[in-house]
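Residue numbers (my numbering): 42 to 379.
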């Protein structure tokens, strides 16, 4: 049987309350006493009873994280950032994958409630109405990441300036001389999909480009929808010299469809993707892409959430953090031949 806090008190000749204050890093203890207790803890291999401590503090030092697709590198990097920030602040993480299902996300929120997490970082796939009915979201601090809903109550969030991302992509193609630009966007029910489409529309207007409805398609952020969108555009017979795809997996599907139909990149069509990281240069040609600072976004979300938990901030105070996208120009785009 392990040593108890009473045993450490007896060994050191100190009171139980003094040992407790040292274990919980409370003020009002001299450095000499603190060092004595630490040496005793180490010598007798005392392990604090975290369950008992949490019951007293009503705190588990656990954060729930729900993402829609664990296999997507974008979310993996976000989780990496969350974990690094939680670790240095002595928090642990319960990581959940909703598999793009609003129903599963709802169930996972219930599981996290049962686990008594101190807060939640949520990349939601639920609609605004569904989120308004989630009672858990009003009982613990929440930080939304990636998809930012429009809710009546306040909340913290970290997201990309998605409109700027699409604007940068179309501006780049315009500067290369492209005027017939096809595009594929994600779900318009999610802020990421809607805002990227809105940025595209603004760029089309600002650069006086003709908006061809036959050259715009909407998918679900998955490979198959990117593939199907390209096939559908090709069937329309409309000519295009460039293609912008507003998600990573849809980009992969689009590339497959182009190559399958003998369309060369960039000789026949210039291509801009989204979140395509190719540090080992495995793609040929290398892909011009919009990038997000995913790990930094994860760190920001965790920092905001920890601040809300530890400072007991009222829900009337919230912070919406928007990060700027980066356009990485590579081999898949080139100036159009006159």
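The beta-carbon is built from N, C-alpha and C at its ideal position, and this holds for glycine as well.
Using the rule of at least 16 other Cβ atoms within 10 Å of the residue's Cβ for burial, across every protein chain shown, is residue i buried or exposed?
i: residue 176; result: exposed
i: residue 240; result: buried
i: residue 232; result: buried
i: residue 111; result: exposed
i: residue 86; result: exposed
i: residue 339; result: buried
i: residue 363; result: exposed
i: residue 320; result: exposed
i: residue 168; result: exposed
Between residue i and the rest of its own chain, which residues show a CB-CB distance below 6 angstroms, the 5 nearest in sequence each way excluded?
i: residue 310; result: 284, 304
i: residue 203; result: 233, 236, 237
i: residue 372; result: 326, 327
i: residue 222; result: 214, 283
i: residue 280; result: 221
i: residue 226; result: 234, 237, 238, 259, 287
Can you find the residues in the same chain that come closer than 7 angstroms, C-beta to C-beta, to residue i, ignoring five residues on each side of it along the sequence?
i: residue 165; result: 146, 172, 185, 188, 190
i: residue 82; result: 49
i: residue 121; result: 336, 339
i: residue 131; result: 102
i: residue 360; result: 197, 345
i: residue 182; result: 160, 346, 349, 350
Rounded to the nearest angstrom, what separates residue i and residue j at their Cα positions?
i: residue 59; j: residue 348; result: 28 angstroms
i: residue 302; j: residue 296; result: 10 angstroms
i: residue 217; j: residue 144; result: 44 angstroms
i: residue 141; j: residue 291; result: 15 angstroms
i: residue 57; j: residue 133; result: 28 angstroms
i: residue 335; j: residue 345; result: 15 angstroms
i: residue 211; j: residue 205; result: 10 angstroms
i: residue 355; j: residue 196; result: Note on residue 355: pLDDT 49, under 50, position unreliable in the model; no value is reported.
i: residue 214; j: residue 369; result: 13 angstroms
i: residue 123; j: residue 198; result: 13 angstroms
i: residue 294; j: residue 109; result: 19 angstroms
i: residue 313; j: residue 329; result: 5 angstroms
i: residue 270; j: residue 116; result: 24 angstroms
i: residue 100; j: residue 262; result: 37 angstroms
i: residue 300; j: residue 113; result: 23 angstroms
i: residue 377; j: residue 201; result: 30 angstroms
Since residue i and residue j should fall inside the 8 angstroms C-beta cutoff, what is the C-beta to C-beta distance between them, to a whole number of angstroms?
i: residue 260; j: residue 267; result: 6 angstroms
i: residue 298; j: residue 272; result: 5 angstroms
i: residue 287; j: residue 248; result: Not really, about 18 angstroms apart at Cβ, beyond 8 angstroms.
i: residue 366; j: residue 317; result: Their Cβ separation, rounded to whole angstroms, is 13 angstroms, which puts residue 366 and residue 317 out of contact at 8 angstroms.
Considering residue i, what are the terminal residues of the alpha helix (DSSP H) in which it resides?
i: residue 291; result: 289–301
i: residue 53; result: 46–53
i: residue 111; result: First-last for residue 111: undefined, no H or E at that position.
i: residue 241; result: 232–247
i: residue 208; result: 203–216
i: residue 64; result: 57–64
i: residue 271; result: 264–277
Which residues bound the beta strand (DSSP E) around residue i?
i: residue 329; result: 329–332
i: residue 314; result: 311–315
i: residue 304; result: Unbroken run through residue 304: none, as it is neither H nor E.
Which same chain residues end up closer than 8 angstroms to residue i when comparing Cβ atoms and leaving out the 5 residues on each side of it in sequence?
i: residue 357; result: In this predicted model, residue 357 has a pLDDT of only 45, less than 50, meaning its place in the structure is not dependable; the value taken from the coordinates is given anyway. So the qualifying residues of the chain are 195.
i: residue 135; result: 103, 104, 105, 106, 153, 156, 158
i: residue 79; result: 63
i: residue 256; result: 221, 222, 223, 224, 274, 277, 279, 281
i: residue 265; result: 294
i: residue 219; result: 282, 283, 311, 377
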